[in-house]
Amino acid sequence: MSIRFPLQADGLLDEELLAPRFKSVAGAGDAPLASGTSVLSSDRVFSPLMVMKQSALENNLRQLAAFCNEKGVMLAAHGKTSMSPAILRRAIAEGGAWGLGAATPAQVRALRQFGIRNVFLANELVDPAGIRWIAQWQQQHPDHGFLCYVDSLQGVKLLEQHLGDSQISVLLEMSVSGGRTGCRSQQAAVAIAEAVAACPSLKLVGIAGYEGALGAGRDQSGIQRVKDYCQMMIATAAILAEKQLFGSDHIILSAGGGAWFDVVTECFTAAKLPLPMTPLIRSGAYMAHDSGLYARIAPFAQPGASHHFKAALEIWGRVLSRPEPGLAFVDFGRRDVPFDQDLPNPLWIRRADGSAPRSATHLRISDVNDQHAYLLLPEDDPLQVGDWVGCGISHPCTAFDKWRYLPLVDDDYCVTDSLETAF
Numbered sequence: 001m002s003i004r005f006p007l008q009a010d011g012l013l014d015e016e017l018l019a020p021r022f023k024s025v026a027g028a029g030d031a032p033l034a035s036g037t038s039v040l041s042s043d044r045v046f047s048p049l050m051v052m053k054q055s056a057l058e059n060n061l062r063q064l065a066a067f068c069n070e071k072g073v074m075l076a077a078h079g080k081t082s083m084s085p086a087i088l089r090r091a092i093a094e095g096g097a098w099g100l101g102a103a104t105p106a107q108v109r110a111l112r113q114f115g116i117r118n119v120f121l122a123n124e125l126v127d128p129a130g131i132r133w134i135a136q137w138q139q140q141h142p143d144h145g146f147l148c149y150v151d152s153l154q155g156v157k158l159l160e161q162h163l164g165d166s167q168i169s170v171l172l173e174m175s176v177s178g179g180r181t182g183c184r185s186q187q188a189a190v191a192i193a194e195a196v197a198a199c200p201s202l203k204l205v206g207i208a209g210y211e212g213a214l215g216a217g218r219d220q221s222g223i224q225r226v227k228d229y230c231q232m233m234i235a236t237a238a239i240l241a242e243k244q245l246f247g248s249d250h251i252i253l254s255a256g257g258g259a260w261f262d263v264v265t266e267c268f269t270a271a272k273l274p275l276p277m278t279p280l281i282r283s284g285a286y287m288a289h290d291s292g293l294y295a296r297i298a299p300f301a302q303p304g305a306s307h308h309f310k311a312a313l314e315i316w317g318r319v320l321s322r323p324e325p326g327l328a329f330v331d332f333g334r335r336d337v338p339f340d341q342d343l344p345n346p347l348w349i350r351r352a353d354g355s356a357p358r359s360a361t362h363l364r365i366s367d368v369n370d371q372h373a374y375l376l377l378p379e380d381d382p383l384q385v386g387d388w389v390g391c392g393i394s395h396p397c398t399a400f401d402k403w404r405y406l407p408l409v410d411d412d413y414c415v416t417d418s419l420e421t422a423f
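Counting with the UniProt record's numbering, you get residues 1 to 423 for the letters of the sequence shown.
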């Protein structure tokens, strides 16, 4: 038998096969893990892998649904966080959401293909191809709800040019200096609302905004800043109502991301307006929650909260190396975990075969490269090469986009369902 020299190049290629979609599944990676698979003890699993805990997901859906029912607000759960049909359909069927939020026309298309009937494009719609596609869909499915923003006269003009015979409902987005998109003054808001009222393709149904762009902290000044922003939106709605610029006899006030939906709800439900009003919040990160950013800032994480979210996402990787005292390397990195807010937070250690779980809260990840995590640990910790390290993550909005597939698991880490994403 001849042995090829490792560096000998022959210029040949084998037949191209389909790219593996399921990177955490061993073998060809062409199918998800079977139901009942124990992900930490199966030879069907490649490391690293991200999992979602079913019990936490179900808890989070119930908790926000209960809050919305108690406060009398509607929910357009933001789909951009996970873009996973198996998760987002649950937000409607189990979580009581009116519909789902999107940020781009491509996300609107994906949500429609997921079977979502009510979609709120919580953004300006200015792309001609996107406008035409949405117009065509609405003509073919007149019973499907659709909302989007406007914040400029040019935006109104673009919608009018490309909607054709279709009509859509819009909310006028308001913001403040230094904020994100949104009209900056009530004078400009009146002019835009008048342009919408003059356009047969558009119907103004409410006022919207995004308080998360204010950068406010959870102290008294930060809370007041969010309240002031909400009052500005309410005052704008009152002016437009008095001028009879809304296209319906019932208006929507919409704001409320993952960090401030409690304050937004408090302000909107107390508003006194000339027309009946429905508050519509748009949280999305709540489905997954986390062990970092939202564990600190989410409304249900504050002292005295009557509802509570649970962190649903975990990243598990194997120890690659312990090259020097007090340092180990784990095989996940920026390609696999969020790192824009906080680094992963070690929770659990298991042996290479998945046995003997023990706490990892005494460990710390100090940095991540593309495929390496720097794990700081006591020199005498018995962690070995090949062992599993499981971590919570921070900021779920930048977690799902790194995975085409995540197994949904029970509390024993056995697969219950497959979560595919559409990023």
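Cβ coordinates follow ideal geometry from the N, Cα and C atoms, glycine included.
Rounded to whole angstroms, the gap between the alpha carbons of Ile-116 and Thr-81 is 16 Å. Within the DSSP secondary-structure output, Thr-278 pairs in a beta bridge with Ile-252.
In the DSSP assignment, Phe-146 falls within the beta strand (DSSP E) that extends over 145-150. Inclusion of Leu-202 and Val-170 in the CB contact set at 7 Å is warranted, their separation being smaller than that value. With respect to the 7 Å criterion, Val-330 and Ala-399 are not classified as neighbours on the basis of their beta carbons. Residue pairing by DSSP places Asp-367 opposite Tyr-374 in a beta bridge. Pairing Val-108 with Val-119 gives a Cβ-Cβ distance under 7 Å.
Under the three-state reduction of DSSP, Tyr-405 is assigned to strand. Residue burial annotation: Gln-113 is exposed, with fewer than 16 other C-beta atoms found within 10 angstroms of its C-beta.
Going by C-alpha positions, Ser-418 is about 15 Å away from Glu-58. For Leu-64, the three-state secondary structure derived from DSSP is helix. Boundaries of the beta strand (DSSP E) around Leu-172: 168-173. By the C-beta density criterion, Arg-358 is exposed, having fewer than 16 other C-beta atoms within 10 angstroms. Residue environment analysis places Ala-198 among the exposed positions, since fewer than 16 neighbouring C-beta atoms fall within 10 angstroms of its C-beta. When the five nearest sequence neighbours on each side are left out, the beta carbons in the same chain lying within less than 7 Å of the beta carbon of Lys-243 are those of Val-190, in order along the chain. In the three-state DSSP reduction, Ser-42 falls in the coil class, being neither helix nor strand. Leaving aside the five residues that flank Ala-360 on each side, the residues in its chain whose CB is nearer than 8 Å to its CB run, in chain order, Pro-346, Leu-347, Trp-348, Ile-349, Val-389, Gly-390 and Cys-391. Residue pairing from DSSP places Cys-183 in a beta bridge opposite Met-174. Annotated as distal: Leu-240 and Ala-270, with beta-carbon spacing of 7 Å or more.
The continuous alpha helix (DSSP H) containing Phe-268 extends over residues 261-269. The three-state reading of DSSP puts Leu-7 in coil, since its state is none of H, G, I, E or B. Listed in chain order, the non-local C-beta contacts of Ser-321 below 6 Å within the same chain comprise Phe-329, local neighbours out to five positions each way being set aside. For Val-226, the uninterrupted alpha helix (DSSP H) segment begins and ends at 220-242.
Using a C-beta cut-off of 8 Å, the segment 47-61 makes contact with the segment 283-293, since at least three inter-stretch Cβ pairs fall below that distance.
Following the DSSP letters along the chain, one finds Pro-105 inside the alpha helix (DSSP H) bounded by residues 105-113.
Shortest Cα-Cα distance from Thr-421 to any of Pro-200, Leu-7, Leu-17 and Arg-21 involves Arg-21. In the structure shown, the three-state DSSP call for Phe-120 is strand.
Distance check between Gly-179 and each of Tyr-229, Val-415, Ser-24 and Lys-272 places Tyr-229 closest, using alpha-carbon atoms only. Boundaries of the alpha helix (DSSP H) around Ala-295: 293-297.
With respect to the 7 Å criterion, Gly-212 and Ala-259 are classified as neighbours on the basis of their beta carbons. Residues Ala-135 of the same chain have their beta carbon placed closer than 7 Å to that of Gly-164, with the five preceding and five following residues left out of the count.
Going by DSSP, Leu-88 is part of the alpha helix (DSSP H) stretching over 85-93. By DSSP's assignment, Trp-133 forms no beta bridge with any residue. In this structure, the beta-carbon distance from Leu-406 to Met-50 falls below 7 Å.
Pairwise C-beta distances place the segment 71-80 in contact with the segment 91-101, as three or more of them are shorter than 8 Å. In the three-state scheme derived from DSSP, where H, G and I count as helix and E and B as strand, Thr-398 is classed as helix.
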